[in-house]
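**Q** Take 1 as the starting number for the sequence shown in the UniProt record's numbering and just add one per residue.
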Amino acid sequence: MMSDETSGQYNDGNRAFLQAFLARGVLTLAEAKPVLAAIFTVHEDRETLPEDVTEADFNSYIAAANYAISPFDFEIRSTLSQIDRTRIFALVNTTSDPMTQLATTYNADEISYLKRILDAMFETFNTPRREIMAITSMQALQLNKVPTDRARRESQNGNATQGSSGQSLTMLQAEKMLKQLVAEGWFEKSVAGFYSLSPRALIELRGWLMETYNDVGEEDDEGGEPSQRIKTCFACKDIVTVGQRCSERSCPVRLHDICTQNFFRAQQATNCPQCKREWTGNNYVGERAVTTTEEYMRGRRRSGPAAQAQPSTQRVGESEDDEEEE
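Printed below as a string of structure tokens:
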């Protein structure tokens, strides 16, 4: 159904929608329908059901909200879920650095801890062998302490230096912060216990991630090419932190799982579009780069039910040769 709100007049209904959006930070069409139904019910003085709300209604309110917030350097942007391609809308500050924005909620020591987690996700656990780009609960908690001078020097040699300042957090403080990052929609926590960046975080941090981790002056450990730790989908061009990779380790082609279907159907072949090797579909980006390995499976079998609560904390690169797909 279309209402007067779509006529271009910004009114109480638009303000109520924007307030609801601000309270959530992220929104999908399915999540917006009950909100808009309630607004329409009040505004039109007759009941409107969520299923009566159309995508056109939603888009109209998004456009009106964007117009209202643009003078304040905010914008509502959207991305597609890497899992099911649901369109997700998020509120983004268009001028300030993402870390500056987070500093309004977290103190300097907490920001330092967050940077150590991001370094772990996108450097330590994102290598030519395994592009995990996620971190287990135990691994995240073990980053609560600021590196020692020696560890800092070693870290600097590996370019993971962002979180080497500030004071350490206690385990309880680190655990509380991780929960808060999930609650605020910055992190997602999987059933297997891995933390990864949420769609909202990928929208907000896209430019920062590219600038921070894709160093054109740094050579890849194995290929001698510039390091590009943050890669985009060959089909949709969005960042890939969950998906598939070419079986040729040096090939940069990555695809979201759901993008592979239409891409290879249109291509009428299941070969990598760049190196032409067969696309196996079982070379993964994301936590599956760990959870599908025989090594991980053996650890789960040995540990029994208790292992379901906490994945292996083994560092990337240890005893990997058995698992390499080549």
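Built from N, CA and C at the ideal position, the CB exists for glycine as well.
1) Counting pairs of beta carbons, one from the segment 238-246 and one from the segment 255-262, are three or more of them closer than 8 Å?
2) Answer with buried or exposed for R150, where buried requires no fewer than 16 other C-beta atoms within 10 angstroms of its C-beta.
3) In angstroms with no decimal places, state the Cα-to-Cα distance between E204 and T48.
4) Need the endpoints of the beta strand (DSSP E) that T79 sits in, please.
5) Quick check: what's the CA-CA separation for N11 versus A201?
6) If you check the beta carbons only, do V283 and R245 fall under 9 Å apart?
7) Do the segment 55-71 and the segment 164-180 meet, that is, are 3 or more Cβ pairs less than 8 Å apart?
8) Quick one: measure Cβ to Cβ for F74 and V92, integer angstroms, because I've assumed they're closer than 8 Å.
9) Using DSSP's beta-bridge definition, name the partner residues of T232.
10) Could you tell me whether the Cβ atoms of Y195 and I135 are closer together than 9 Å?
11) Tell me where the beta strand (DSSP E) around R87 begins and ends.
12) Apart from the five residues on each side of it in sequence, which residues of its chain come closer than 8 Å, Cβ to Cβ, to N144?
13) Going by DSSP in three states, Q142 sits in which element: helix, strand or coil?
14) Can you list, in chain order, the residues of its chain with a C-beta nearer than 6 Å to that of A16? Leave out the 5 residues immediately preceding and following it.
15) As an exercise, report each continuous alpha helix (DSSP H) stretch of at least 4 residues that is fully enclosed by the segment 14-74, in chain order.
16) Relative to the alpha-carbon of S96, which residue among K189, L118 and W208 has its alpha-carbon at the smallest distance?
17) If you draw a straight line from the alpha carbon of T28 to that of C275, how long is it in whole angstroms?
18) Tell me the DSSP bridge mates of F187?
19) Which value, in whole angstroms, describes the spacing of the CA atoms of M99 and R116?
20) For M138 versus M121, is the C-beta spacing smaller than 9 Å?
21) Using three-state DSSP, classify I135 as helix, strand or coil.
22) Confirm, please, whether the CB-CB distance from S198 to E188 is below 9 Å.
**A** Judging by the given coordinates:
1) yes
2) Because the pLDDT of R150 is 49, which lies under 50, any placement of that residue in the model is unreliable, and the number read from its coordinates should be weighed accordingly. With fewer than 16 Cβ atoms within 10 Å of its Cβ, R150 is classed as exposed.
3) 33 Å
4) F74 to L80
5) 30 Å
6) Reading off the sequence, residue 283 comes out as Asn, not Val. The answer is yes: Cβ separation under 9 Å.
7) no
8) For a cut-off of 8 Å, the C-beta gap from F74 to V92 is around 7 Å, short enough to register as a contact.
9) I239
10) Judged by beta-carbon spacing, I135 lies within the 9 Å limit of Y195, meaning their Cβ atoms are closer than that value.
11) R87 to N93
12) Y113, S168, L169, T170, M171, Q173 and A174
13) coil
14) I39
15) 29-44 and 55-69
16) If we check each option's Cα against that of S96, W208 comes out closest.
17) The alpha-carbon atoms of T28 and C275 are separated by roughly 37 Å.
18) L197
19) 13 Å
20) no
21) strand
22) yes
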